[in-house]
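Residue numbers (UniProt numbering): 1 to 208.
Worksheet: the structure to be examined is printed underneath.
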Amino acid sequence: MSQPASAEDAGLDPYPGLLIRAARYAALAHAGQTRKDSAEPYVTHPLAVMTLLCRAGWAEDDELLAAAALHDVLEDTEVTPEELAETFPPRVCALVEALSEHKRDERGEKLPWEYRKAEHRARLTAAEEAARALALADKLHNLRCLEEDVTPDRVDPWARFNAPRQRWIEVTRETIEALRCGRTATLADACLAALDGMGTATGSESAP
1 MSQPASAEDA GLDPYPGLLI RAARYAALAH AGQTRKDSAE PYVTHPLAVM
51 TLLCRAGWAE DDELLAAAAL HDVLEDTEVT PEELAETFPP RVCALVEALS
101 EHKRDERGEK LPWEYRKAEH RARLTAAEEA ARALALADKL HNLRCLEEDV
151 TPDRVDPWAR FNAPRQRWIE VTRETIEALR CGRTATLADA CLAALDGMGT
201 ATGSESAP
């Protein structure tokens with residue numbers, strides 16, 4: 001008697017309802033949080049990142065899309081890596097960890113902004129291509145939201161950041177260019193286009 005086909009061989013979802021579970025988990029983890037300088041629920045951001053990945057050609061990678069929904073839960077909520085691993089597949093957890101910036105040292109003290117950005121960029125460039133795509137989709141949505149805020153009637157759109165405006169733009173450009181490769185080129189180019197529009201934006205000096 002032949003062996004029954006695996007769920008994957010049969011064309012079935014090996015992790016039933018993965019995207020729904022990820023979206024629900026993110027909504028609960030981010031409950032009560034809002035976007036910076038906005039009343040918009042925070043969970044709208046990871047869901048927008050999922051959409052950008054789909055439009056950029058990653059729609060068939062369910063684990064990547066699940067990680068997109070969850071990409072800020074380790075960095076910005078009380079969820080731990082161990083808790084995440086109890087619910088989601090190893091690759092999803094690895095992608096979320098790759099997207100999570102290490103903001104504090106082993107003593108719990110906050111690390112300098114430029115050090116954090118350089119360390120995170122190094123981890124992302126060593127990660128799989130999907131992680132780089134996720135990081136770029138995250139940046140693209142953040143850049144587009146910031147672009148909407150950088151207007152003459154806004155008193156200080158850069159006050160939310162931890163670095164002077166021009167240095168933030170330079171470091172962000174370095175990261176985007178480091179993550180640009182193969183299938184990530186479309187997202188990287190969109191990020192650079194959005195960033196170019198901010199080079200002469202109005203606002204004061206001294207990032208997420």
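For each residue, glycine too, the CB sits at the ideal point set by N, CA and C.
Residue i - DSSP class collapsed to helix/strand/coil
{"i": "residue 173", "result": "helix"}
Separation of residue j from residue i, as counted between CA atoms
{"i": "residue 197", "j": "residue 146", "result": "11 Å"}
{"i": "residue 80", "j": "residue 53", "result": "25 Å"}
{"i": "residue 30", "j": "residue 46", "result": "10 Å"}
{"i": "residue 173", "j": "residue 186", "result": "15 Å"}
{"i": "residue 134", "j": "residue 68", "result": "6 Å"}
{"i": "residue 114", "j": "residue 122", "result": "12 Å"}
{"i": "residue 73", "j": "residue 129", "result": "21 Å"}
{"i": "residue 141", "j": "residue 162", "result": "19 Å"}
{"i": "residue 178", "j": "residue 97", "result": "19 Å"}
{"i": "residue 37", "j": "residue 167", "result": "21 Å"}
{"i": "residue 165", "j": "residue 110", "result": "21 Å"}
Buried or exposed by the 16-neighbour rule on C-beta atoms within 10 Å, applied to residue i
{"i": "residue 184", "result": "buried"}
{"i": "residue 17", "result": "exposed"}
{"i": "residue 104", "result": "exposed"}
{"i": "residue 71", "result": "buried"}
{"i": "residue 181", "result": "exposed"}
{"i": "residue 59", "result": "exposed"}
Residue from the options whose Cα sits closest to the Cα of residue i
{"i": "residue 76", "options": "123, 39, 106 and 28", "result": "28"}
{"i": "residue 137", "options": "105, 40 and 176", "result": "176"}
{"i": "residue 93", "options": "195, 101 and 63", "result": "63"}
{"i": "residue 56", "options": "132, 111, 36 and 170", "result": "132"}
Return the chain-ordered ranges of every beta strand (DSSP E) run that is complete within the UniProt domain "HD/PDEase" (38 to 152) and spans a minimum of 3 residues.
-> none
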